[in-house]
Amino acid sequence: AARRGLFHGFVVHLPMLPWTIASSFLSLLLVFRTNASYQRWSEARAVWGSITNTVRDIGRQLSWRSPCRQSVPNALNRLAAFGWALQAHVGGPVITHNCNKQLVKLLGPKDLAVVQASDHKPMALLGLLTTSVDSLEKCPLRRQKLDMGITQLMDNLGKCERIFKTPIPRIYTKHTERFLGVWLATLPIGMYDVLKAPLAMLPAMLLLSVFLLGINELANQIEEPFSILPLDAMCNGIHKSIEEDYHNSHDVFDDAQDVQDFLGQVVPR
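So the sequence shown is residues 63 to 331, counted in this note's numbering.
Structure below.
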């Protein structure tokens with residue numbers, strides 16, 4: 063239908079009912095898209111929280127229970143490097159370059175050569191960490207507990223890979239964007255009769271477009287959680303916390319006249 067409208071031109075207009083019906087389906091698409099993206103972000107955050115706690119727990123046990131003080135820093139550096147290697151494993155080229163710089167700072171020449179020669183750098187570091195645990199901890203029960211922590215890190219590594227390698231199906235994202243684009247592009251045809259003032263059409267469409275397209279863009283951003291989570295801050299926090307814990311334990315060991323006696327008092331065998 064057409065009628066004489068603004069500036070005496072002919073304006074195509076239709077009842078608002080088709081867009082009202084279509085808005086229900088569009089809402090379902092946007093809600094599902096946003097919820098699916100948020101679940102990926104929430105799971106990635108939880109996984110990195112678990113990584114932080116596990117790394118700190120392993121570092122605590124190595125710092126406070128190992129009598130071989132000379133080898134503990136190397137093991138802790140391997141432990142701190144795991145976070146940077148994992149971040150590079152699930153990040154882009156820029157993130158990978160920054161993480162490689164951190165690996166150079168943390169690892170010795172031999173360890174660095176092993177890690178850089180590996181396609182799967184996080185697994186290489188977990189292997190090196192396993193050798194550190196075997197050499198530092200002689201008690202079978204404590205060694206088993208530390209190995210359980212390394213196994214937990216391996217499990218978290220697999221969860222990160224699953225999130226990174228299985229994004230939301232692209233066809234779903236494309237269909238939602240096409241649906242939203244067509245709905246917004248044709249909406250003025252239905253709104254012409256609803257708005258009493260034709261001049262209000264432009265600001266009304268502008269506001270609707272900004273908010274609806276913003277919801278879709280929000281889902282696009284959080285769909286890839288490793289690009290927006292503060293992983294640099296997490297990795298730095300992990301390194302500083304286990305380093306501080308080691309220095310605390312080192313000061314206590316220095317004050318003890320006999321390291322073995324001190325270990326027997328704190329953790330009876």
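All residues carry an ideal CB built from backbone N, CA and C; glycine is no exception.
- By the neighbour-count criterion, in which 16 or more other beta carbons inside 10 Å mark a residue as buried, PRO287 falls on the buried side.
- For the stretch 72 to 150, the continuous beta strand (DSSP E) assignments of 3+ residues that do not extend past its boundaries occur at 72 to 74, in sequence order.
- HIS182 sits in coil when the DSSP states are folded into three classes, being neither helix nor strand.
- Distance from the CA of ALA281 to the CA of ASN97, rounded to the nearest whole angstrom, comes to 8 Å.
- Nearest C-alpha to THR248 among ALA295, MET263, LEU90, LEU187: MET263.
- Within 10 angstroms of the beta-carbon of GLY121 lie 16 or more other beta-carbons, which makes it buried.
- Burial is judged here by how many other beta carbons sit within 10 angstroms of a residue's own beta carbon; GLU285 has at least 16 and is buried.
- In this structure, LEU138 lies away from ILE290, with their beta-carbon atoms at least 7 Å apart.
- Under the three-state reduction of DSSP output, ILE284 falls in the helix class.
- DSSP, read as helix, strand or coil, puts PRO260 in helix.
- In the pairwise beta carbon analysis, the stretch 190 to 201 is classified as touching the stretch 117 to 132: at least three pairs are separated by under 8 Å.
- Residue GLY252 holds the alpha-carbon nearest to the alpha-carbon of SER85 among GLY252, PRO292, ALA295, ARG204.
- Taking every protein chain shown into account, the CB of PHE144 has 16 or more other CB atoms within 10 angstroms, so this residue is buried.
- CA-CA distance, MET267 to ALA259, rounds to 13 Å.
- LYS200 sits in coil when the DSSP states are folded into three classes, being neither helix nor strand.
- In this structure, ASP255 sits near HIS75, with a CB-CB distance shorter than 7 Å.
- Residue environment: PRO184 is assigned as buried (16 or more neighbouring CB atoms within 10 Å of its CB, all protein chains considered).
- Here DSSP, grouped into helix, strand and coil, assigns VAL166 to helix.
- Residues of the same chain with a CB within less than 8 Å of the CB of GLU223, apart from the 5 flanking positions on each side, are HIS151, VAL152 in chain order.
- VAL272 is classed as exposed because its beta carbon has fewer than 16 other beta carbons within 10 Å across all chains shown.
- At the C-beta level, LEU187 and ILE212 stay beyond 7 Å of one another.
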